[in-house]
Amino acid sequence: MAEEQKQGQEAPAAAPRAEGGAPSGPPSGGHGGGHSGPRREGGREGGPRREGGPGGGPGGPRRGKRQYFRKKKVCKFCVEKMDLIDYKRADILSQFVQERGKILPRRMTGVCARHQRWLGVAIKRARNIALLPFAGSAAGSTAPKAVEAHKS
Amino acid sequence: MEERLYDLIFIARPATPEDEIKKVVTSIEHACTEKGGKIEKAEHWGTRKLAYKVAKHREGMYYYHQIRTTHGELITELERRLRVQDSVIKYMTIRLDEDLKRQKKLTEKREKRAARRPRRPAATPAAPAAPAPEQQAAVS
């Protein structure tokens with residue numbers, strides 16, 4: 015692996031050298047009018063690149079987005095000082111579960127790491143005793159209903 | 377063996393006659409008394425919608441027991457009995473005491489911390505003191 019990485023590092027390093035060598039080649043080879051042409055082109059190309067490099071265009075909006083005020087999420091369980099998340103309280107647990115039954119990530123709900131750990135355990139326990147769905151409850155509940163309707 | 381606390385939940389078929397459910401509950405009680413367990417709580421949650429189909433049923437009657445025991449075999453015995461019952465479509469036992477112990481520890485820690493803090497709130501007596509002189513001025 016280390017060797018591959020080294021080779022990878024060398025390859026990009028070698029490429030610029032080759033590029034650097036190529037522009038230097040034509041001026042040395044060509045004389046008179048040939049000189050001015052490539053040099054001017056090089057200068058024009060260099061200009062836009064420099065403008066793009068600092069990221070005045072794309073970089074600006076990104077910084078602007080970061081400046082948006084983001085409401086700081088606070089862990090609900092910490093606020094209520096819960097030291098135990100009861101798996102029997104399906105009403106609480108269902109707030110931290112998607113419609114399909116997926117456990118919502120911490121970055122969405124703002125739950126702290128410790129409570130998220132307990133929450134995961136509680137949700138899994140609740141799933142075991144049919145208080146919460148495992149997955150796909152939305153599709154699972156509609157399809158059988160239709161079948162039952164046909165039968166009746 | 378130290379004492380342990382368990383949650384025992386079982387779901388019965390929605391249209392089970394009461395006699396059968398009584399049978400199940402009494403068999404649980406019998407097993408507890410035989411093997412040296414104690415039922416701390418016994419609740420009936422009523423008929424609830426199941427989150428997914430269990431044995432082709434969308435609803436089920438939930439029964440909840442909290443059992444304290446020093447003998448682990450009691451739990452295996454209870455699970456065996458529930459498995460045999462036809463009216464029971466799902467059951468679950470969960471060990472609770474470790475979680476409760478952790479909870480106790482954390483609440484104690486929090487209370488200790490809360491007891492240490494209340495040195496700061498010295499600013500509150502200053503607020504009622506301020507309006508008092510005004511009242512005096514109004515009187516005079």
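Taken in order, these protein sequences are the chains called A and B. Start counting the first sequence at 15; every next residue gets the next number (my numbering). Start counting the second sequence at 377; every next residue gets the next number (my numbering). For each residue, glycine too, the CB sits at the ideal point set by N, CA and C.
Nearest residue (CA-CA) to residue i, options the options
i: B:Ala407; options: B:Ile451, B:Ala391 and B:Tyr438; result: B:Ile451
i: B:Pro390; options: B:Glu378, B:Tyr439, B:Tyr382 and B:Leu476; result: B:Tyr439
i: A:Cys92; options: A:Pro119, A:Leu118 and A:Gln130; result: A:Gln130
i: B:Val401; options: B:Arg380, B:Tyr467, B:Thr445 and B:His433; result: B:Tyr467
i: B:Leu454; options: B:Leu426, B:Lys398, B:Glu405 and B:Glu394; result: B:Glu405
i: A:Arg139; options: A:Lys87, A:Lys90, A:Tyr101 and A:Lys86; result: A:Tyr101
i: B:Glu410; options: B:His447, B:Lys417 and B:Gln479; result: B:His447
i: B:Gly413; options: B:Ser403, B:Pro393 and B:Arg493; result: B:Ser403
i: A:Asn142; options: A:Glu113, A:Lys87 and A:Ala104; result: A:Ala104
i: B:Lys399; options: B:Lys425, B:Asp462 and B:Lys477; result: B:Asp462
i: B:Thr521; options: B:His433, B:Lys417, B:Glu419 and B:Ala418; result: Lying before the first or after the last residue shown, residue 521 of chain B is absent from chain B, which here runs from 377 to 516.
C-beta atoms of residue i and residue j nearer than 8 Å
i: B:Ile470; j: B:Ile443; result: no
i: B:Ala388; j: B:Val464; result: yes
i: A:Phe110; j: A:Leu133; result: yes
i: B:Arg456; j: A:Lys95; result: no
i: B:Asp475; j: A:Leu98; result: yes
i: A:Gly124; j: A:Leu146; result: no
i: B:Leu381; j: B:His441; result: no
i: A:Arg121; j: A:Ala127; result: no
i: B:Gly422; j: B:Val430; result: no
i: A:Ala136; j: B:Ala427; result: no
i: B:Leu482; j: B:Phe386; result: no
Bridge partners - residue i, DSSP secondary structure assignment
i: B:Ala418; result: B:His441
i: B:Lys466; result: B:Ile387
i: A:Val111; result: A:Ile117
i: B:Phe381; result: One detail in the question is off: residue 381 of chain B reads as Leu in this sequence, not Phe. B:Arg444, per the DSSP bridge assignment.
i: B:Thr423; result: B:Met437
Burial state of residue i (16 or more Cβ within 10 Å)
i: B:Glu378; result: exposed
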